[in-house]
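Plus 4 on top of the position in the sequence shown (first one is 1) and you've got this note's numbering.
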Amino acid sequence: MRYPSSTYFDIAWKQSPWSNEPLLDAHNANLLKSRSKHEFSQKNYLRGIWTQVRYITKKLSDKLS
5 MRYPSSTYFD IAWKQSPWSN EPLLDAHNAN LLKSRSKHEF SQKNYLRGIW TQVRYITKKL
65 SDKLS
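Here you go:
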């Protein structure tokens with residue numbers, strides 16, 4: 005979901021040399037936790053649960069290594 009406040013970022017990104025590159029996904033535990041909270045607050049419950057599972061998996065794998 006894109007927000008109205010991200011309009012300026014979208015315009016700049018489309019005109020940048022990186023416009024053909026996808027935006028980065030959440031790749032560490034902190035980003036996954038923030039993403040999960042955001043998805044729950046947006047009432048995307050299934051997506052939030054899936055991100056929470058990814059967060060727990062990442063957190064455990066980081067702890068074991």
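Beta carbons: idealized from backbone N, C-alpha and C, even for Gly.
For this session: Taking 8 Å as the threshold, find out whether the region 57-67 comes into contact with the region 33-44 through three or more Cβ pairs.
Result: yes
For this session: Could you tell me if Glu-25 is buried or exposed, where buried requires 16 or more neighbouring beta carbons within 10 angstroms of its beta carbon?
Result: exposed
For this session: Measure the alpha-carbon distance for Asp-66 versus Asn-48 and round it to whole angstroms.
Result: 27 Å
Problem set entry | Per-residue DSSP class, three states only, for Lys-37 | helix
Exercise. Between Lys-37 and the rest of its own chain, which residues show a CB-CB distance below 6 Å, the 5 nearest in sequence each way excluded?
Worked result: Tyr-59
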